[in-house]
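Down below is the structure, laid out as structure tokens.
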Amino acid sequence: MSDDTRTRLAHTSQLGPDTLAAVRDLLDGAFDGDFGDEDFEHALGGMHALVYEGGALVAHGSLVQRRVLHQGRALRTGYVEAVAVRAERRRRGLGGAVMAALEGVIAGAYVLGALSASEEGAALYESRGWKPYPGQIGVLGPAGPERLAEEEGSTYVWTPPGGVALDSAGRLDFDWRDGDVV
3 MSDDTRTRLA HTSQLGPDTL AAVRDLLDGA FDGDFGDEDF EHALGGMHAL VYEGGALVAH
63 GSLVQRRVLH QGRALRTGYV EAVAVRAERR RRGLGGAVMA ALEGVIAGAY VLGALSASEE
123 GAALYESRGW KPYPGQIGVL GPAGPERLAE EEGSTYVWTP PGGVALDSAG RLDFDWRDGD
183 VV
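For the sequence shown, the numbering used here assigns the number 3 to the initial residue and increments by one for each residue that follows.
Rendered as structure tokens:
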């Protein structure tokens with residue numbers, strides 16, 4: 003990170019159209035065009051960590067509330083979405099700055115943090131204490147609960163201080179949404 007690096011934490015409602023367009027542009031570039039409208043929709047409605055260098059947006063991540071059913075309890079979960087750093091700015095601590103800001107929100111407002119990690123992103127999350135959930139992953143779908151075996155191993159959790167202790171023998175069932183459920 004450089005001396006002119008600044009992190010802004012703001013709710014979606016506080017971001018104007020120009021900022022949202024800059025976020026979408028960053029995400030489209032960082033994910034090489036593999037970031038669709040539903041993915042962007044998943045990143046809205048919560049808090050955003052925006053990292054700027056020299057006034058330019060260089061990194062982003064968002065946190066939205068989800069409910070995760072575990073052992074008969076609906077857990078208030080801060081779900082991390084759309085973490086990205088511009089390609090030419092990677093490996094400089096910017097992803098860590100994004101995660102530090104989002105983890106601060108999780109610690110202050112949620113009993114659990116969760117995210118779905120790509121192979122490329124897993125090392126960042128693991129370096130910050132996030133762990134792949136070792137049990138089953140599921141969703142509370144329109145037709146009822148269903149297992150999502152393909153999400154097992156890439157769904158990471160982080161328990162903030164005072165958060166809930168998970169029982170790895172129990173399944174995590176995420177609330178339903180369009181597109182990628184987890």
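Beta carbons: idealized from backbone N, C-alpha and C, even for Gly.
Whole-angstrom C-beta distance between residue j and residue i, which should lie under 8 Å
{"i": "LEU17", "j": "HIS50", "result": "6 Å"}
{"i": "THR9", "j": "ALA99", "result": "5 Å"}
{"i": "LEU114", "j": "VAL159", "result": "6 Å"}
{"i": "GLY48", "j": "THR14", "result": "7 Å"}
{"i": "LEU126", "j": "GLY97", "result": "5 Å"}
{"i": "ALA171", "j": "GLY143", "result": "Incorrect: roughly 22 Å between the Cβ atoms, too far for contact."}
{"i": "PRO163", "j": "ILE108", "result": "The Cβ separation is near 10 Å, so there is no contact."}
Residue i, DSSP secondary structure in three states
{"i": "VAL113", "result": "coil"}
{"i": "GLU148", "result": "strand"}
{"i": "GLY98", "result": "helix"}
{"i": "PRO162", "result": "coil"}
{"i": "ARG26", "result": "helix"}
{"i": "ALA12", "result": "strand"}
{"i": "GLY143", "result": "strand"}
{"i": "LEU168", "result": "coil"}
{"i": "SER118", "result": "strand"}
{"i": "GLY39", "result": "Checking the sequence shown, residue 39 turns out to be Asp, not Gly. Three-state result, ASP39: helix."}
{"i": "LEU104", "result": "helix"}
{"i": "LEU174", "result": "strand"}
{"i": "PRO134", "result": "strand"}
Nearest to residue i (by Cα), restricted to the options the options
{"i": "VAL82", "options": "GLY35, PHE42, GLY172", "result": "PHE42"}
{"i": "LEU59", "options": "ILE139, ARG91, ILE108", "result": "ARG91"}
{"i": "ARG120", "options": "ALA24, ALA32, VAL25", "result": "For the record, residue 120 in the displayed sequence is Ser; it is not Arg. Closest option to SER120, Cα to Cα, is ALA32."}
{"i": "ALA84", "options": "LEU150, LEU104, GLU128", "result": "LEU104"}
{"i": "ARG68", "options": "GLY164, TYR112, TYR135", "result": "TYR112"}
{"i": "ASP169", "options": "GLU40, GLN73, ASP6, VAL66", "result": "GLN73"}
{"i": "ALA116", "options": "SER15, THR79, GLY35, GLY181", "result": "THR79"}
{"i": "GLU153", "options": "TRP132, GLY95, PHE176, ALA24", "result": "PHE176"}
{"i": "ILE139", "options": "GLY155, ALA12, GLU128, GLU122", "result": "GLY155"}
{"i": "ASP30", "options": "VAL66, ARG88, LEU96, ALA102", "result": "ARG88"}
{"i": "THR7", "options": "LEU65, LEU52, PRO147", "result": "LEU52"}
{"i": "SER2", "options": "ALA171, SER64, PRO162", "result": "In the structure displayed, the chain extends from 3 to 184; residue 2 sits before or after that span and is not available."}
{"i": "ASP180", "options": "ARG26, GLY38, ASP27", "result": "GLY38"}
Burial state of residue i (16 or more Cβ within 10 Å)
{"i": "ARG93", "result": "exposed"}
{"i": "ARG173", "result": "buried"}
{"i": "ARG75", "result": "exposed"}
{"i": "ALA45", "result": "buried"}
{"i": "GLY165", "result": "buried"}
{"i": "TRP132", "result": "buried"}
{"i": "GLY146", "result": "exposed"}
#### Entry: Continuous beta strand (DSSP E) assignments of at least 3 residues falling wholly in the segment 49–96
Within the segment 49–96, the complete beta strand (DSSP E) runs of at least 3 residues are 49–55, 58–72, 75–87.
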